[in-house]
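**Q**
There are 2 protein chains.
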Amino acid sequence: MRHRSYRRRAGRPQIPVDLPRSPRNFVLSQLRTHFERAMLMHVRNRSLHCKKHCGATLWHLHHRDGIRSRTRMYTLYSMQRSGNCYKVRLALAQLRIPYRLVEIDILKGENGTPEFRAKNPSGRVPLLEVAAGRYLPESNAILWYIAGGTPLAPDDRFERAEALRWMFFEQNSMEPSIGAAYFWLTLVRGGRDLKMHAIEGWTESGYGALGVMEEHLETNRFFAADRYTIADIALYAYTHIAEQAGFDLSGFPSIRTWLRRVAAQPRHVTMEWSPTLLEAAG
Amino acid sequence: MRHRSYRRRAGRPQIPVDLPRSPRNFVLSQLRTHFERAMLMHVRNRSLHCKKHCGATLWHLHHRDGIRSRTRMYTLYSMQRSGNCYKVRLALAQLRIPYRLVEIDILKGENGTPEFRAKNPSGRVPLLEVAAGRYLPESNAILWYIAGGTPLAPDDRFERAEALRWMFFEQNSMEPSIGAAYFWLTLVRGGRDLKMHAIEGWTESGYGALGVMEEHLETNRFFAADRYTIADIALYAYTHIAEQAGFDLSGFPSIRTWLRRVAAQPRHVTMEWSPTLLEAAG
Numbered sequence: 001m002r003h004r005s006y007r008r009r010a011g012r013p014q015i016p017v018d019l020p021r022s023p024r025n026f027v028l029s030q031l032r033t034h035f036e037r038a039m040l041m042h043v044r045n046r047s048l049h050c051k052k053h054c055g056a057t058l059w060h061l062h063h064r065d066g067i068r069s070r071t072r073m074y075t076l077y078s079m080q081r082s083g084n085c086y087k088v089r090l091a092l093a094q095l096r097i098p099y100r101l102v103e104i105d106i107l108k109g110e111n112g113t114p115e116f117r118a119k120n121p122s123g124r125v126p127l128l129e130v131a132a133g134r135y136l137p138e139s140n141a142i143l144w145y146i147a148g149g150t151p152l153a154p155d156d157r158f159e160r161a162e163a164l165r166w167m168f169f170e171q172n173s174m175e176p177s178i179g180a181a182y183f184w185l186t187l188v189r190g191g192r193d194l195k196m197h198a199i200e201g202w203t204e205s206g207y208g209a210l211g212v213m214e215e216h217l218e219t220n221r222f223f224a225a226d227r228y229t230i231a232d233i234a235l236y237a238y239t240h241i242a243e244q245a246g247f248d249l250s251g252f253p254s255i256r257t258w259l260r261r262v263a264a265q266p267r268h269v270t271m272e273w274s275p276t277l278l279e280a281a282g
Numbered sequence: 283m284r285h286r287s288y289r290r291r292a293g294r295p296q297i298p299v300d301l302p303r304s305p306r307n308f309v310l311s312q313l314r315t316h317f318e319r320a321m322l323m324h325v326r327n328r329s330l331h332c333k334k335h336c337g338a339t340l341w342h343l344h345h346r347d348g349i350r351s352r353t354r355m356y357t358l359y360s361m362q363r364s365g366n367c368y369k370v371r372l373a374l375a376q377l378r379i380p381y382r383l384v385e386i387d388i389l390k391g392e393n394g395t396p397e398f399r400a401k402n403p404s405g406r407v408p409l410l411e412v413a414a415g416r417y418l419p420e421s422n423a424i425l426w427y428i429a430g431g432t433p434l435a436p437d438d439r440f441e442r443a444e445a446l447r448w449m450f451f452e453q454n455s456m457e458p459s460i461g462a463a464y465f466w467l468t469l470v471r472g473g474r475d476l477k478m479h480a481i482e483g484w485t486e487s488g489y490g491a492l493g494v495m496e497e498h499l500e501t502n503r504f505f506a507a508d509r510y511t512i513a514d515i516a517l518y519a520y521t522h523i524a525e526q527a528g529f530d531l532s533g534f535p536s537i538r539t540w541l542r543r544v545a546a547q548p549r550h551v552t553m554e555w556s557p558t559l560l561e562a563a564g
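In order, the protein sequence lines correspond to chains A and B.
Heads up, the first sequence is in this note's numbering, so the first residue is 1 and it goes up one at a time.
Heads up, the second sequence is in this note's numbering, so the first residue is 283 and it goes up one at a time.
1. When the Cβ atoms of the region 71 to 80 of chain A are set against those of the region 88 to 95 of chain A, are three or more pairs found closer than 8 Å?
2. What residues from chain A crowd round B:Trp255, counting only those whose CB sits closer than 8 Å?
3. Pair every Cβ in the region 229 to 243 of chain A with every Cβ in the region 253 to 262 of chain A, then say whether three or more of these pairs are closer than 8 Å.
4. Given that B:His522 touches chain A, what residues does it touch there, using C-beta distances under 8 Å?
5. Which two residues bound the contiguous beta strand (DSSP E) that contains A:Leu76?
6. Which residues mark the beginning and the end of the beta strand (DSSP E) in which A:Leu101 is found?
7. Would you report the Cα separation of B:Thr558 and A:Leu217, rounded to the nearest angstrom?
8. Which runs of the alpha helix (DSSP H) spanning at least 4 residues fall entirely within the region 110 to 145 of chain A, listed in chain order?
9. What residue range does the alpha helix (DSSP H) around A:Phe169 cover?
10. Using a Cβ cut-off of 7 Å, pull out every chain A residue sitting near B:Pro419, in sequence order please.
11. Taking only beta carbons into account, state which residues of the region 93 to 126 of chain A come closer than 7 Å to chain B, listed in chain order.
12. DSSP on B:Ala546, reduced to helix/strand/coil?
13. In or out: A:Glu162 buried (at least 16 other Cβ within 10 Å) or exposed?
14. Is it buried or exposed for B:Ser532, if we count other Cβ within 10 angstroms and need 16 for buried?
15. Quick one: does A:Thr192 have its CB under 9 Å from some CB of chain B?
16. Taking only three categories from DSSP, how would you classify B:Arg471?
17. To the nearest angstrom, how far is the alpha carbon of B:His342 from that of B:Ile481?
18. Is it right to say A:Met167 is buried, meaning 16 or more other beta carbons lie within 10 angstroms of its own, or is it exposed?
19. Could you pull out every residue in the same chain whose Cβ sits closer than 6 Å to the Cβ of A:Arg70, ignoring the five residues on either side in sequence?
20. Cβ-heavy atom distance between B:Ile481 and the ligand NAP below 8 Å?
21. Along the region 472 to 502 of chain B, what residues have a CB closer than 7 Å to any CB found in chain A?
22. Going by Cα to Cα distance, which pick from A:Ser177, A:Lys195, A:Arg96, A:Met174 is closest to A:Arg267?
23. What are the residues of the region 258 to 279 of chain A that lie near chain B, defined by any Cβ-Cβ distance shorter than 8 Å?
24. Helix, strand or coil for B:Arg509 per DSSP?
25. Of the choices A:Asn172, A:Thr186, A:Ser139, A:Ala237, whose alpha-carbon is the least far from that of A:Gly83?
26. 9 Å is my cut-off, CB to CB: does A:Val188 come that close to chain B?
27. For a contact meaning CB atoms closer than 8 Å, what does A:Glu175 contact in chain B?
28. Quick check on the DSSP output: the alpha helix (DSSP H) that includes A:Ala245 runs from which residue to which?
29. Contact criterion: CB-CB distance below 9 Å. Does B:Val370 meet it with respect to chain A?
30. According to the neighbour-count rule (16 or more other Cβ atoms, all chains shown, within 10 Å of its Cβ), is B:Leu492 buried or exposed?
31. Which same chain residues end up closer than 7 Å to B:Asn402 when comparing Cβ atoms and leaving out the 5 residues on each side of it in sequence?
32. Counting only Cβ pairs nearer than 7 Å, list the residues of chain A close to B:Arg354.
33. Tell me whether A:Pro176 sits in a helix, a strand or coil according to DSSP, three-state version.
34. Helix or strand or just coil, what does DSSP make of B:Thr565?
35. Cβ atoms of B:Glu496 and B:Phe534: under 9 Å apart, would you say?
36. Does any residue of chain B have a CB that is nearer than 9 Å to the CB of A:Ala181?
Dropping the structure here:
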């Protein structure tokens, strides 16, 4: 029960790096960053187990609603240049959750095939296969599903509501304006001409959303629970590419500082990153 | 501890209506509907208490994260003809949670006053004051906050994700199309002329959203967890007034059946209803 006494220590605990290399102690000794320690501190009433001395330190942590293991690996249907899909890849990377990635190129109509429509009738990505034949769409619902029980998803009643508040705001006020502008103006060939009538509306509501975010960030480091959470991941996805979509962030100094703060979080990955690319590089 | 033995009974418990009229037994005896029994069955590790023999049977139930009582009554800032605000009034009525209602008429600019902006910088309703000076915006975040720990908010990991999935869908695909059309075409004088350029987009995405809902409802009675939840409340709000916004529901038979199913739930209230009106009528 060593991890229990570890949990009871106040402040930042020292990791007992000189413990004998039992499976559990090996896992503990791998938790070197403050983020990883915080992860462990929050995984309550669960035990650590590691079938062999593998490098995937947190993959085998008990999760609130079950045990994640390689036998229940997620499959993520994702488009690399979609901000909604990037959210999920970023959270999975920061939580060190392994998954299979299936690239679905919407621009080539790969979301319209009968095979994909059978998985998700709305034809949207991201789509997470959480168990054999069980599919979950909607990026922010996926974030809650994968991050539940970790520090990335607040558990306190009001803090959870705050995170939800900003994630609903993101899907209602930011994604339909900045997300749509990014899609049509940077990804779709000829999209600017096709959507000329919509640009004024996107601009107005996009800057409106940025204004609300700026005001919050003037007095807060993050969006909810006074720490980095999935609410920040959700809002980061389209904000960090807003300038590509024609939005000028020079008048939003607090947002620009927050963007750097998010990018500096442990195990941050860029939108270009994918586990496939990592494997290819390795 | 009578309520504990009550909770242990399998299936639909019989309510001991002939118990002596102690405060607790009076509350139990009032729980006549299946919905109310289910409410009680799900309120675990809490006790019933009732300071006097009042009719508000469930108002005094301990809640997961604290005790709701008249001393911590919510204040809801709401506009009567807003679908987003109706969601919250409907859930509060079905959960029998008392609250103070403050009408904010957006059409008269009452959301733009310095007093209201100090409460919610985005100027939106609904806005829930959950404690003195603590405000929560975003209708669907409010639904999770008030319904947490009740059968209206699924607690199982995947069912919770399903409910979230449909609630994010609602804010991303339905509210910006059917909600916007309802607002501009039925509430704002001259709104049709002002928003002529947007109507085609609303129509396309609104019917798209209705199509996704229809497909789900062809094989499901409700949206999540195989029962009536806050996901249904969220989607009902704008769907039940879609025809007023110019959408023809005759091609969506499963949606029309579901609308009647939702309206038949215990303690359903219409969009016109408000506790103020009830008090005025009483």
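Glycine residues also receive a C-beta, built at the ideal position from the N, C-alpha and C atoms.
**A** Well, looking at it:
1. A contact exists between the region 71 to 80 of chain A and the region 88 to 95 of chain A.
2. Nothing can be reported for residue 255 of chain B: it is not among the residues displayed for chain B, which extend from 283 to 564.
3. Put simply, the region 229 to 243 of chain A touches the region 253 to 262 of chain A. At least three CB pairs are less than 8 Å apart.
4. Chain order gives no chain A residues near B:His522, where near means a beta carbon separation below 8 Å; the closest approach is about 19 Å.
5. Per DSSP, A:Leu76 belongs to the beta strand (DSSP E) from 74 to 78.
6. 99 to 103 is the span of the beta strand (DSSP E), which, as asked, contains A:Leu101.
7. Going from the Cα of B:Thr558 to the Cα of A:Leu217 covers about 37 Å.
8. Entirely contained in the region 110 to 145 of chain A, the alpha helix (DSSP H) runs reaching 4 residues are, in chain order, 114 to 119.
9. Per DSSP, A:Phe169 belongs to the alpha helix (DSSP H) from 157 to 169.
10. Within chain A, the C-beta atoms nearer than 7 Å to that of B:Pro419 come from Arg165, in chain order.
11. Under the 7 Å Cβ criterion, the region 93 to 126 of chain A contributes Pro121, Ser122.
12. Note: B:Ala546 maps to coil in three-state DSSP.
13. The residue is buried, with at least 16 neighbouring Cβ atoms inside 10 Å.
14. Counting every other CB atom within 10 Å of its CB across the protein chains shown gives B:Ser532 a total below 16, marking it as exposed.
15. A quick correction: the sequence has Arg, not Thr, at residue 192 of chain A. At a cut-off of 9 Å between C-beta atoms, A:Arg192 does not count as an interface residue with respect to chain B.
16. For B:Arg471, the secondary structure class from DSSP, reduced to helix, strand or coil, is coil.
17. Note that B:His342 has pLDDT 33, beneath the 50 cutoff, so the model's placement of it is unreliable and the number below is only indicative. Inter-residue distance for B:His342 and B:Ile481 is about 47 Å (C-alpha atoms, whole angstroms).
18. It counts as buried.
19. With a pLDDT of 41 at A:Arg70, under the threshold of 50, the modelled position of this residue cannot be trusted, and the question is left open.
20. Judged by which ligands are present, the structure shown has none, so any question about the ligand NAP falls away.
21. So the close ones are His479, Ala480, Gly483, Val494, Glu497.
22. Comparing Cα positions, the closest option is A:Arg96.
23. Under the 8 Å Cβ criterion, the region 258 to 279 of chain A contributes no residue.
24. Here B:Arg509 sits in strand by DSSP.
25. The option with the nearest alpha carbon to A:Gly83 is A:Ala237.
26. Not one beta carbon of chain B lies nearer than 9 Å to the beta carbon of A:Val188.
27. Within 8 Å Cβ-Cβ: Asn454.
28. No alpha helix (DSSP H) contains A:Ala245, which DSSP labels as neither H nor E.
29. Answer no: the Cβ-Cβ gap between B:Val370 and chain A never drops below 9 Å.
30. B:Leu492 comes out buried.
31. Excluding the 5 residues flanking it on each side, B:Asn402 has same chain C-beta neighbours closer than 7 Å at Leu409, Tyr417, Pro419, in chain order.
32. By Cβ distance, chain A contributes nothing, its closest Cβ being about 13 Å from B:Arg354, past 7 Å.
33. Reduced to three states, the DSSP call for A:Pro176 is helix.
34. Residue 565 of chain B lies beyond the range of chain B shown here (283 to 564); nothing can be said about it.
35. At the C-beta level, B:Phe534 and B:Glu496 come within 9 Å of one another.
36. With its beta carbon at least 9 Å from every one in chain B, A:Ala181 lies outside the interface.
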